[in-house]
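Undergrad:
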Amino acid sequence: MFRKIMMSAACAAALAGVNATANAQAVDPVFVPVEIEGPLSNYVNTSGRLHNGGVLTVMNAPITVDFNTEFVSPTGDRTTAGLTATQWMRGETFDGRRRPGLLGGTVIVTGEYNTATGEILASEVFSDVSENVMLGVVTDSSCSEPNCDGVGDYIRGNNGPVFLPNKDPRLLAGPLTDAGLFKLDLTGKSLVGTVDAPTTFGGEGYFSDDKIYPFVGAPNAEQALIYWAFELGENRPDLLATPGDAEISSLRIRCTEGGRLEVRGFVHAPMDEFGVPTGLAGQPTSGGDGFIRVIMDFNRDGIITANEIIDGDAPTADLPATYGVYRVREDVTVCGTSADVYWMPNGPGAEYAKVEGVPIDRLREQ
623 MFRKIMMSAA CAAALAGVNA TANAQAVDPV FVPVEIEGPL SNYVNTSGRL
673 HNGGVLTVMN APITVDFNTE FVSPTGDRTT AGLTATQWMR GETFDGRRRP
723 GLLGGTVIVT GEYNTATGEI LASEVFSDVS ENVMLGVVTD SSCSEPNCDG
773 VGDYIRGNNG PVFLPNKDPR LLAGPLTDAG LFKLDLTGKS LVGTVDAPTT
823 FGGEGYFSDD KIYPFVGAPN AEQALIYWAF ELGENRPDLL ATPGDAEISS
873 LRIRCTEGGR LEVRGFVHAP MDEFGVPTGL AGQPTSGGDG FIRVIMDFNR
923 DGIITANEII DGDAPTADLP ATYGVYRVRE DVTVCGTSAD VYWMPNGPGA
973 EYAKVEGVPI DRLREQ
């Protein structure tokens with residue numbers, strides 16, 4: 623009898639365990655949003671020859687990435703660069719760095735934590751390697767090419783480091799621009815200003831581990847700030863690549879679902895090197911002429927469709943007055959994926975200038 627009771631208790635316990643397991647399996651896991659910013663210490667490919675997934679380690683936290691994970695930088699993404707996840711994360715060594723790829727750099731991971739498995743699956747991995755920023759005064763420069771990126775070319779800031787453009791497709795430097803974000807031509811020109819009118823700048827990149835300028839091993843070699851963004855603090859018609867053409871630039875396009883679209887940027891009328899309008903027929907003579915039109919585009923299954931047209935106000939003339947600044951705000955219900963921005967005349971005729979396919983930074987509703 624005692625034996626039978628013990629056996630019954632054991633069976634009951636076993637049955638309870640089965641029921642508990644069944645109940646546990648019936649509970650759906652919770653997926654909790656996570657964001658992690660920190661140094662990348664390791665990356666291991668787990669997808670074999672495909673190299674499109676693996677596990678990265680950030681501050682000792684293992685994070686899974688797969689073929690759906692987006693790998694992005696301030697200037698590009700893995701798909702556009704034509705690289706595998708492994709090549710992006712631990713491929714070629716960036717100029718002046720010692721560890722492969724992004725190893726040792728800072729990454730920002732966004733994704734979800736699975737409460738059932740304890741796994742973090744990343745939806746996006748962002749990195750600028752290591753964000754080093756400098757603002758100040760250009761104190762020296764030597765430019766043989768329009769973008770100051772020829773052999774031996776450099777820009778020096780605050781009597782400190784030389785700035786060199788990053789030519790790696792993962793973090794490719796954009797063109798040098800003035801304060802209006804208009805492309806410059808610095809061939810044979812100096813960026814150094816005067817005591818009463820210095821040339822100011824803002825540069826963003828990473829400071830090299832090794833002494834690489836003017837070349838590795840040179841007696842006077844020095845470390846450099848390898849930049850992906852560099853812009854001047856002033857409008858500089860004397861340095862523009864195409865001052866005789868009307869131009870429009872896009873500083874930022876942000877959109878909040880069910881909220882507001884905000885578009886900001888700059889324009890300039892056709893002018894000479896002193897900022898004086900050239901007065902071309904049918905063209906603006908001031909940065910305050912015309913108005914701004916925004917067309918929000920939607921990418922649906924790879925097909926781009928223009929779905930919403932928004933007309934804003936005239937730009938506001940800046941200094942010199944051939945430059946202008948604009949901002950368009952509009953309440954929207956749905957955010958597009960990109961936008962085209964036009965500087966339009968008040969009367970009939972084609973646009974003065976346009977910039978197309980600008981990605982929209984889509985924000986969550988607060």
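As numbered in the numbering used here, residues 623 to 988 make up the sequence shown, in order.
Note that beta-carbon positions come from the ideal geometry of N, C-alpha and C, so glycine has one too.
The model shown is predicted, which means the values in this text are computed figures rather than measured ones.
If Leu813 and Glu853 are in contact, beta carbons under 8 Å, what's the gap, nearest whole angstrom?
TA: For the purposes of this step, residue 813 is taken as residue 191 along the sequence shown, with counting starting at 1. For the purposes of this step, residue 853 is taken as residue 231 along the sequence shown, with counting starting at 1. Not confirmed; about 12 Å, so no contact.
Undergrad: I'd like to check one pair, Pro696 with Asp750: are the Cβ atoms closer than 8 Å?
TA: Position 128 of the sequence shown, counting from 1, holds the residue named residue 750. Position 74 of the sequence shown, counting from 1, holds the residue named residue 696. Against a cut-off of 8 Å, the Cβ pair of Pro696 and Asp750 comes out as a contact.
Undergrad: At which residues does the alpha helix (DSSP H) containing Ala707 begin and terminate?
TA: In the sequence shown, residue 707 corresponds to position 85, counting from 1. Ala707 to Arg712 is the extent of the alpha helix (DSSP H) around Ala707.
Undergrad: DSSP three-state label for Ala851, please.
TA: On the sequence shown, position 229 is the one that residue 851 refers to. Looking at Ala851 - three-state DSSP - the assignment turns out to be strand.
Undergrad: Between the C-alpha atoms of Gly676 and Glu746, what's the straight-line distance to the nearest angstrom?
TA: By 1-based counting over the sequence shown, the position of residue 676 is 54. By 1-based counting over the sequence shown, the position of residue 746 is 124. In a straight line, the C-alpha of Gly676 is about 13 Å away from that of Glu746.
Undergrad: Quick one: grab the DSSP three-state call for Arg625.
TA: For this step, residue 625 is matched to residue 3 along the sequence shown. Only weak support is given to the placement of Arg625: the predicted model assigns it a pLDDT of 32, under 50, and the value that follows is read from those uncertain coordinates. Helix, per DSSP.
Undergrad: Could you please give me the residues that DSSP links to Val687 through a beta bridge?
TA: Position 65 of the sequence shown, counting from 1, holds the residue named residue 687. According to DSSP, which records beta bridges pairwise, Val687 is partnered with Gly676.
Undergrad: What is the rounded straight-line gap between the Cα of Gly958 and the Cα of Val838?
TA: For this step, residue 958 is matched to residue 336 along the sequence shown. For this step, residue 838 is matched to residue 216 along the sequence shown. Near 46 Å, if we compare the C-alpha coordinates of Val838 and Gly958.
Undergrad: Can you tell me whether Ala738 is buried or exposed, with buried defined as 16 or more other CB within 10 angstroms of its CB?
TA: Start at 1 with the first residue of the sequence shown, and residue 738 comes out as number 116. Per the 10 Å Cβ criterion, exposed.
Undergrad: Which residues share a DSSP beta bridge with Phe785?
TA: Position 163 of the sequence shown, counting from 1, holds the residue named residue 785. Answer is Ile777 and Leu847, bridged to Phe785.
Undergrad: Any idea what DSSP makes of Ala644, helix, strand or coil?
TA: Translated into the one-based positions of the sequence shown, residue 644 becomes position 22. A caution first: Ala644 carries a pLDDT of 44, below 50, which makes its placement in the model unreliable, though a value can still be read off. Ala644 falls in the helix class under three-state DSSP.
Undergrad: What did DSSP end up calling Lys976 once you bin it into helix, strand or coil?
TA: In the sequence shown, the residue the question calls residue 976 occupies position 354. Strand.
Undergrad: Between Gly912, Asp953, Gln845 and Asn682, which lies nearest to Glu564 when the distance is taken from Cα to Cα?
TA: This structure gives no information on residue 564, because the portion of the chain shown stretches from 623 to 988.
Undergrad: Whole angstroms are fine: how far does the CA of His890 sit from the CA of Pro859?
TA: For the purposes of this step, residue 859 is taken as the residue at position 237 of the sequence shown. For the purposes of this step, residue 890 is taken as the residue at position 268 of the sequence shown. Roughly 9 Å separates the two Cα atoms.
Undergrad: Apply the 10 Å Cβ neighbour rule to Val654 and answer buried if 16 or more other Cβ atoms are within range, or exposed otherwise.
TA: The residue you call residue 654 lines up with position 32 of the sequence shown. So Val654 ends up on the exposed side.
Undergrad: Provide the residue span of the alpha helix (DSSP H) that contains Thr728, from first to last.
TA: Working through the sequence shown from its first residue, we reach residue 728 at position 106. From DSSP, Thr728 is part of no alpha helix (DSSP H) but of the beta strand (DSSP E) over Thr728 to Asn736.
Undergrad: Rounded to whole angstroms, how far is the Cβ of Phe888 from the Cβ of Tyr945, which I believe are closer than 8 Å?
TA: Numbered from 1 along the sequence shown, position 266 holds the residue referred to as residue 888. Numbered from 1 along the sequence shown, position 323 holds the residue referred to as residue 945. The Cβ separation is near 7 Å, so the contact holds.
Undergrad: Among residues of its own chain, excluding the 5 on either side of Gly758, which ones have a beta-carbon nearer than 6 Å to its beta-carbon?
TA: In the sequence shown, residue 758 corresponds to position 136, counting from 1. Closer than 6 Å at Cβ, skipping near neighbours: Gly779 and Asn780.
Undergrad: Quick one: is Asp775 buried, meaning 16 or more other Cβ sit within 10 Å of its Cβ, or exposed?
TA: Looking up residue 775 in the sequence shown gives position 153. By the 10 Å Cβ count, Asp775 comes out buried.
Undergrad: Counting Cβ pairs closer than 8 Å, one from the stretch 841-848 and one from the stretch 814-821, do we hit at least three?
TA: Touching, no, given that fewer than three Cβ pairs across the two stretches are closer than 8 Å.
Undergrad: My output table needs one value for Ala703: the three-state DSSP class, helix, strand or coil.
TA: Residue 703 sits at position 81 when you count from the first residue of the sequence shown. Residue state, collapsed to three classes: helix.
Undergrad: Could you pull out every residue in the same chain whose Cβ sits closer than 6 Å to the Cβ of Val916, ignoring the five residues on either side in sequence?
TA: As a working mapping, residue 916 is identified with position 294 in the sequence shown. Contacts found: Val885, Ile932, Val950, Ala961 and Val963.
Undergrad: Identify every residue that forms a DSSP beta bridge with Arg951.
TA: Your numbering for residue 951 matches position 329 in the sequence shown. Bridge partners of Arg951: Glu884.
Undergrad: Take Ser830 and list the residues in its own chain whose beta-carbon comes closer than 8 Å to its own, dropping the five residues that flank it on each side.
TA: Counting from 1 along the sequence shown, the entry for residue 830 is found at position 208. Contacts found: Asp717, Gly718, Arg719, Gln845, Ala846, Leu847 and Ile848.
Undergrad: Determine the direct distance from the alpha carbon of Glu741 to that of Asn769, and round the result to whole angstroms.
TA: Within the sequence shown, the letter at position 147 stands for residue 769. Within the sequence shown, the letter at position 119 stands for residue 741. Roughly 45 Å between the two C-alpha positions.
Undergrad: Could you check which residue in Asn736, Thr799 and Ser908 has the C-alpha nearest to that of Gly825?
TA: Locating residue 825 in the sequence shown gives position 203, counting from the first residue. Measuring from the Cα of Gly825, the nearest candidate turns out to be Thr799.
Undergrad: Hey, how far is the Cα of Gly866 from the Cα of Asn788?
TA: By one-based count along the sequence shown, residue 866 stands at place 244. By one-based count along the sequence shown, residue 788 stands at place 166. Near 29 Å, if we compare the C-alpha coordinates of Asn788 and Gly866.
Undergrad: What's the call for Asn645, buried or exposed, on a 16-neighbour Cβ count within 10 Å?
TA: Reading the sequence shown from its first residue, position 23 is the one you call residue 645. With a pLDDT of only 49 at Asn645, under the threshold of 50, the placement of this residue in the model should not be trusted; the figure read from the coordinates follows. Answer is exposed; the Cβ neighbour count stays below 16.
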